[in-house]
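The sequence shown begins at 1005 in the working numbering and counts up by one. For every residue, glycine included, the Cβ atom is placed at its ideal position computed from N, Cα and C. The structure appears below as structure tokens.
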Amino acid sequence: MSIIFHESSKTFHLYNGEISYLMCVLPNGHLGNLYFGKRIHDREDFSYLLEMKRRPMSSCVFEGNRKFSLEHLKLEYPVYGSSDYRYPAVEVLQENGSRISDFVYVGYEIMDGKPKLQGLPATYTESEEEAQTLCVKLKDEVTGVVLELLYTIFAQGGIVARSAKLTNEGEKSVHLLSAMSLSLDLPDKEYVWMQFSGAWARERHVKERKLEQGVQSVGSIRGNSSHQHNPFVVLRRPSATENAGEVLGFSLIYSGNHRMQAEVDTHDTTRVTVGINPQNFDWKLECGESFQTPEAVVVFSDQGLNGMSQTFHKLYQKRLARGYWRDRPRPILNNNWEATYFDFTEDRLVEIASKAKECGVELFVLDDGWFGARSNDYAGLGDWVANQERLPRGIKGLSERIEDMGMKFGLWFEPEMVNKDSDLYRAHPEWILQTPQRNSCHGRNQFVLDFSRKEVVDCIYEMMYQILSEAKVSYIKWDMNRSITECWSAALPADRQGEVFHRYILGVYDLYERLNTAFPQILFESCASGGGRFDPGLLYYAPQGWASDDTDAAERVKIQYGTSMCYPISSIGSHVSVVPNHQLNRKTPLHTRANVAYFGTFGYELDLNKLSEDEILEVKAQIAFMKEYREVIQFGNFYRLKSPFEGNETVWMSVSEDKKTALVFWYRERNVVNADFTRVCLEGLNPDFLYKNELNGTENYGDELMNLGLITTDSTAGEPTDEEELCSDYESRIYILKAETN
Ligand code: GLA
């Protein structure tokens, strides 16, 4: 890996074994993009790529050079209003009302490793050899605003991490109306756009369409990254598949309002912009102040979608997630939410926990309802003190009882929220986000605390610190059950109200950081009504996230499949729950519910006392299975083989680093009578290893399994038989393949 600067042509070349990223200083001093893709040879001069060809009539050109128009150039951090009519990366509103700026190259710096981004989550390095960072400095002379563009290239993987910092070195304040993290101009539009969208209980479904002229974008203006659109999009070549072809993945390490956009212009070039959504964003930059954008990561893969996903998985698992739990297999937990909802006592919880312990569960999690006057969702949020009627000896007493049983104890919080029926709200009604003289909408009867204010974050921190320091808490589920409305902070002047959304998220990050620091061994799991804030920003503080409130196995197959496009399996919170399922009343077999939940953090969301003896035996076997294989599943290499969005069957697999163990998950949504004979070609095995299939006793070499395929035919042909094999809807199997090597 290296970053080279060719002085004569003012060209930067960032490269490693897989990719090249080329930029140069344009004749007007702006920074232009030359190329991003598979590694190419270095050359002193790539200026032939600057196609400064005249286009008739419609273009505006610079005086003195009829061929120089920004409209047709590929730019690194474009501005609107000086001959480029595509969407800009930055917009600076000045005192005289102008929004024109002209960022001209000043110089550069190359650093080993990667600098931290103040107050923001970002990828990191553990040694200076892992990456190099280029900082290109540009300045707008009229306003005095300095722009620093950061590019980090890692030694491994087709990864470039980007962000921008704007500093006002001028004499008048300005307003940033847009400050994106990444802008990348691509020379054509031959891509399929993929987005990961949905709704509550239907998160991150794969949706795709061909890029066309005009703008296609997804985003959030809800204050959280949202159930609706994940801050992750993919551009794949139309011919690219799971395992071959060129793919670009764009991910924003941010948990608030975002916009991921591709604009195809009239000459079929594509501009991708990624960053904080400019809608509702207006950041006042006083003289001497700086604004740092969140980090965006772009991954190039010529090994298809799986190649891209594996690059993201490793990066986000090892160099975004941090702390004690980063590399550790995740504890198998039992959460009481779907077992009791708000209806529990200490003894009832202990009863659930005892059965869980008997089955091999390692962590008991007490969900919502343990604090203040929280007997339903109208009251209590904000009062982080145990409810003495339910828990006479507080969280301390309950956590000690759980620990004495030989299990760890975990606790639910929703730190950013308050109910009006709470002591906190009665004491501080001005602490919620609300607009004067306007109605305040609620969500689930709750209001959003103004986390842009330090005193609010301090107060919540104190309450949480108190509980966590006196009780034995090993895990926290941090929830966030509504989006922001009437966004306005009593603590900020009128011309800074456009900062509230971002300041709010900075407050969330600050609280996470303080708790991570004070309690480094606590495992955090993020949650927002399920997967409403499942984003890379939170992975920095919480290495796992509750993927969805939908615990139905059939729905989960889709949600987990879409989630796996960007996020590591170790980050996907997934549990077995009861049937009929509480979200959609569906019945799926117990083994299928477990087979799906294995591909994540694994746990139970039910009262095991209510299961039959046979089911308990099955649960004990499931837990033993997960303990044996969770290292492979959570930290191995993951491959998607058949998509639930394309057919009746879904297949995916995890392979251990040493390739000696592989687990293949096969799932069929609807039973099919007189069904086809089916095979699936596996991936990632060692062609020379002989693998024993523990499900059916067969033995095959890796090359057979990868080229001829694993036979997955349903031997019942869809009809009920007396044989062991089952046939019904929502059927599934796990094939355990073990290499017989010495
Ligand atoms: C959200 C979460 C659930 C549960 C409830 C508690 O909906 O996603 O898992 O914690 O809140 O109120």
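Comparing alpha-carbon positions, the option among G1604, E1290, L1542 and P1584 lying closest to A1126 turns out to be L1542. By the criterion of a C-beta distance shorter than 7 Å, F1639 is surrounded in its chain by S1574, once the five residues flanking it on both sides are discounted. Nearest Cα to M1005 within the set A1159, V1676 and E1075: A1159.
Following the DSSP letters along the chain, one finds K1562 inside the alpha helix (DSSP H) bounded by residues A1557 to T1567. No heavy atom of ligand 1 is found nearer than 7 Å to the CB of W1388. A contact is defined here as three or more CB-CB pairs under 8 Å, and the stretch 1521–1529 fails this definition with respect to the stretch 1164–1173.
No residue range can be given for N1247, since it is assigned to no alpha helix (DSSP H) and is classified by DSSP as neither H nor E. Taking non-hydrogen atoms of ligand 1 into account, the C-beta of W1482 is found less than 7 Å away from none of them. For M1710, the three-state secondary structure derived from DSSP is helix. For H1595, the enclosing alpha helix (DSSP H) begins and ends at L1594 to A1601.
In this structure, G1534 has its CB closer than 7 Å to one or more heavy atoms of ligand 1. In the three-state scheme derived from DSSP, where H, G and I count as helix and E and B as strand, E1152 is classed as strand. A direct Cα-Cα distance of roughly 37 Å separates K1562 from D1351. Using a Cβ distance threshold of 8 Å, K1400 and A1475 count as a contacting pair.
By the 16-neighbour rule on beta-carbons within 10 angstroms, S1426 is buried. Counting the other CB atoms within 10 Å of its CB gives T1245 a total below 16, which places it among the exposed residues.
Within the DSSP secondary-structure output, Q1450 pairs in a beta bridge with N1423 and G1447. Fewer than three beta-carbon pairs drawn from the stretch 1118–1133 and the stretch 1099–1107 are found closer than 8 Å, and the two stretches are therefore not classed as touching. For C1731, DSSP records no beta bridge to any residue.
The C-beta of D1680 has fewer than 16 other C-beta atoms within 10 Å across all chains shown, which makes the residue exposed. Comparing alpha-carbon positions, the option among F1375, S1403, V1110 and A1383 lying closest to Q1392 turns out to be F1375.
Secondary structure at E1267: strand, using DSSP grouped into helix, strand and coil.
In this structure, F1538 lies away from Q1564, with their beta-carbon atoms at least 8 Å apart. When DSSP assignments are scanned along the stretch 1513–1555, the uninterrupted stretches of beta strand (DSSP E) that are 3 or more residues long and fall wholly within it turn out to be 1527–1530 and 1548–1550.
Under the criterion of beta carbons closer than 8 Å, L1402 and E1366 do not qualify as touching, at roughly 17 Å. Counting along the chain, H1010 sits inside the beta strand (DSSP E) bounded by residues S1006 to H1010.
Scanning the stretch 1178–1252 from its first residue to its last, the whole beta strand (DSSP E) runs of 3-plus residues come out as 1178–1190, 1196–1203, 1206–1214, 1218–1224 and 1233–1240. Contact between A1325 and Y1479 does not hold, since the beta-carbon distance rounds to 15 Å and is not under 8 Å. Residue environment: S1616 is assigned as exposed (fewer than 16 neighbouring CB atoms within 10 Å of its CB, all protein chains considered). Distance from the C-beta of W1341 to the nearest heavy atom of ligand 1 is below 7 Å.
R1397 and L1415 have their C-alpha atoms some 15 Å from each other. By the beta-carbon neighbour count (other beta carbons within 10 angstroms, threshold 16), A1300 is buried. At a cut-off of 7 Å, the beta-carbon of W1550 counts as near ligand 1: some heavy atom of the ligand is closer than that. The C-beta distance from G1260 to N1234 rounds to 13 Å, too long to fall under 8 Å, and the pair is not in contact.
Distances from the CA of G1111 to each of Y1734, M1630 and C1028 were compared; the closest alpha carbon is that of C1028. Looking at the DSSP output, M1657 bridges to Y1643 and V1668.
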